[in-house]
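>
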Ligand code: PLP
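Residue numbers (the working numbering): 12 to 422.
See below:
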């Protein structure tokens, strides 16, 4: 008799987006001709840049010609792309070999699947609030107990709130795996080098591993803030970094990213290269067991993103979204709301007024201003009392939403 993985029964996450859709649909049923402005979602809206489209098209053409056709790709991804990424890091004074870079089909899968190379009894620490994938994949993998009072037993939560500027501090107890999301989704906060150093020191001391998700790194404009964990001395011994072309190059649908597993990374027995070889076995394209490589078309597109022209064009794309973020932050501050993030990340984190809970303020924004947000409580217990707005919106809609909030939101 086949039985099911009962850990799935413990999951809470799907509730958030189902509930948002339900509340918006209920509102529209009662108010059929209302224009709703959606500022809740973290999906990109602007088209791919010219250079990227050219790159993608050239790959399609190659596939349509017998002389240039290719099937399965190289084990860890196209060597040209891994070299371009190695150069990308070199410009930031980070030395990574092509062997240490694994091309993936977007960051989400690797953020979850990386857990499979570590022991089931490993204790996981997670920032609260944060992108829900790390918590949910820990639950599915059987690394947690039940969900009680807004938290899973067995997980170590690193609370992020106004007191610590929404930046986590290393746990007091000993943990084995630490997820960090930097810039953080949903708070938009970014750790300094000194703050990251405390995690690297902790991880080296405890032989723990840091899983560093930097899907929004290219949104960091403050030059003193680190864009990669490898800017911190010692990080190659203890950190895996996961990145993506989704948010800064519009690849949310194209699907492409990369994961860095340094050869120097050590865990329990201190043997260098062991973690790398396990990930390679799992994920190493045609030589791996569970992944056959990312699309060759998408990889050609990513090469175009990393070309000088591609990078210049994508800087404009980032500037477009960050201009939205600035507009949102400025307008909401002007009407007296307390607003965080939005400076080095495309998310704006808003404290609810009058101690409303996240869902109450979500309803208020929807009913009075017709604006859809994401309740902060959906990202963890510490997110209660906040909502998240996203800058990934067409500028016209941002302006309409802000005008409506100014005119109609009763504060
Ligand atoms: N990491 C973070 C922090 C995210 O917010 C997201 C998407 O919203 C992802 C990873 C997923 O990125 P990808 O599209 O590369 O799977």
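The C-beta atom is built at its ideal place from N, Cα and C for all residues, glycine as well.
#1: Apply the 10 Å Cβ neighbour rule to residue 137 and answer buried if 16 or more other Cβ atoms are within range, or exposed otherwise.
#2: Quick check: what's the CA-CA separation for residue 383 versus residue 198?
#3: Buried or exposed: which applies to residue 228, given that a residue is buried once 16 or more other Cβ atoms fall within 10 Å of its Cβ?
#4: So, using beta-carbon positions, are residue 22 and residue 385 closer together than 9 Å?
#5: Starting from residue 148, follow its DSSP beta bridges and name the residues at the other end.
#6: I'd like the ranges of any beta strand (DSSP E) spanning at least 3 consecutive residues and lying wholly in the region 386-414.
#7: The ligand GDP and residue 278: does any heavy atom of the ligand fall closer than 8 Å to the residue's C-beta?
#8: Of the choices 48, 111, 94, 142, whose alpha-carbon is the least far from that of residue 423?
#9: From residue 42 to residue 377, what does the alpha carbon distance come to, in whole angstroms?
#10: Have a look at residue 278 and residue 40 and give me their C-alpha separation to the nearest angstrom.
#11: Under a Cβ-count criterion, where at least 16 other Cβ atoms within 10 Å of its own Cβ denotes burial, should residue 64 be classed as buried or exposed?
#12: At which residue ranges does the region 356-388 contain complete alpha helix (DSSP H) runs of 4 or more residues, listed in the order of the chain?
#13: Among the residues of its own chain, which have a CB less than 7 Å from the CB of residue 344, if the five just before and after it don't count?
#14: Within 8 Å, do at least three Cβ pairs link the region 73-91 to the region 316-328?
#15: Relative to the C-alpha of residue 84, which residue among 309, 203, 318 is closest?
#16: Starting from the Cα of residue 151, find the closest Cα among 114, 362, 260, 125 and give me that residue.
#17: Does residue 268 come out as helix, strand or coil in the three-state DSSP assignment?
#18: With a cut-off of 8 Å, do at least 3 Cβ pairs link the region 361-368 to the region 257-273?
#19: Where does the unbroken alpha helix (DSSP H) through residue 316 begin, and where does it stop?
#20: By DSSP, does residue 158 sit in helix, in strand, or in coil?
#21: Under 9 Å, do residue 11 and residue 148 count as touching if we go by C-beta distance?
#22: Nearest-angstrom Cα distance between residue 336 and residue 67?
#23: Nearer than 8 Å: is that true of the beta carbon of residue 266 relative to any heavy atom of the ligand PLP?
#24: Compute every distance between the C-beta of residue 255 and the non-hydrogen atoms of the ligand PLP, then say whether any falls below 8 Å.
#25: Any heavy atom of the ligand PLP closer than 8 Å to the CB of residue 270?
#26: Closer than 8 Å to a non-hydrogen atom of the ligand PLP - does that hold for the CB of residue 192?
#27: Just reading off the beta strand (DSSP E) that residue 352 is part of, what are its end residues?
#28: Would you please state the rounded distance, in angstroms, between the beta carbons of residue 135 and residue 154? I believe it to be under 8 Å.
#29: What is the rounded straight-line gap between the Cα of residue 117 and the Cα of residue 257?
#30: Is it buried or exposed, residue 232, if we count other Cβ atoms within 10 angstroms and call 16 or more buried?
#31: To which residues does DSSP link residue 255 through a beta bridge?
#32: State the CB to CB distance for the pair residue 142 and residue 196, rounded to an integer number of angstroms; the pair is presumed to be in contact (CB under 8 Å).
#33: What span of residues does the alpha helix (DSSP H) with residue 167 cover, start to end?
#34: Using 8 Å as the Cβ pair cut-off and three pairs as the minimum, do the region 207-224 and the region 185-195 touch?
#35: If you compare alpha carbons, which of 157, 13, 98 is closest to residue 19?
#36: With distances taken Cα to Cα, identify the nearest neighbour of residue 213 among 192, 242, 236, 180.
Taking the structure as given:
#1: A residue is called buried once 16 or more other Cβ atoms fall within 10 Å of its Cβ, and residue 137 is buried on that count.
#2: So the alpha carbons of these two residues sit roughly 17 Å apart.
#3: Buried, by the Cβ-count rule.
#4: Not a contact, by the Cβ cut-off of 9 Å.
#5: BP columns for residue 148 are empty, so no partner.
#6: The DSSP assignment places 397-401 as complete runs of the beta strand (DSSP E) inside the region 386-414, in order along the chain (cut-off: 3 residues).
#7: Of the ligands one can find in the structure shown, namely the ligand PLP, none is the ligand GDP.
#8: Because the chain spans 12 through 422 in this model, residue 423 falls outside it and cannot be assessed.
#9: Going by the C-alpha atoms only, they are around 11 Å apart.
#10: Cα to Cα, residue 278 sits roughly 55 Å from residue 40.
#11: Taking all protein chains shown into account, residue 64 has fewer than 16 neighbouring C-beta atoms within 10 Å of its C-beta and is therefore exposed.
#12: If only uninterrupted alpha helix (DSSP H) runs of at least 4 residues are considered, those enclosed by the region 356-388 are 369-375.
#13: Closer than 7 Å at the Cβ level, and outside the excluded window around residue 344, lie 350.
#14: They do not touch, by the three-pair rule.
#15: The residue with the shortest Cα to Cα distance from residue 84 is 309.
#16: Checking every option, the nearest Cα to that of residue 151 belongs to 125.
#17: DSSP places residue 268 in strand when its eight states are reduced to three.
#18: The region 361-368 makes no contact with the region 257-273: fewer than 3 CB pairs, one atom from each, lie closer than 8 Å.
#19: Judged by DSSP secondary structure, residue 316 falls within the alpha helix (DSSP H) whose first and last residues are 307-317.
#20: Residue state for residue 158 is assigned as strand, using DSSP reduced to three classes.
#21: Residue 11 lies beyond the stretch modelled for the chain, which goes from 12 to 422, so this question has no answer here.
#22: Cα-Cα distance, rounded: 29 Å.
#23: Short note on residue 266: C-beta closer than 8 Å to some heavy atom of the ligand PLP.
#24: Yes, the beta carbon of residue 255 sits closer than 8 Å to at least one heavy atom of the ligand PLP.
#25: Not a single heavy atom of the ligand PLP lies less than 8 Å from the C-beta of residue 270.
#26: Checking the Cβ of residue 192 against the ligand PLP gives yes.
#27: Note, residue 352: beta strand (DSSP E), 349-352.
#28: So it is a contact: roughly 5 Å between Cβ atoms.
#29: Distance between the alpha carbons of residue 117 and residue 257: 7 Å.
#30: By the Cβ neighbour-count rule, residue 232 is exposed, with fewer than 16 other Cβ atoms within 10 Å of its own.
#31: In the DSSP output, where bridge partners are listed per residue, residue 255 has 268.
#32: Indeed, because the Cβ distance is near 5 Å, the residues count as touching under 8 Å.
#33: Membership of residue 167 in any alpha helix (DSSP H) is not indicated; the residue belongs instead to the beta strand (DSSP E) covering 167-170.
#34: Three or more Cβ pairs closer than 8 Å define a contact, and the region 207-224 meets that threshold against the region 185-195.
#35: Comparing Cα-Cα distances from residue 19 to each of 157, 13, 98, the minimum goes to 157.
#36: Comparing Cα-Cα distances from residue 213 to each of 192, 242, 236, 180, the minimum goes to 180.
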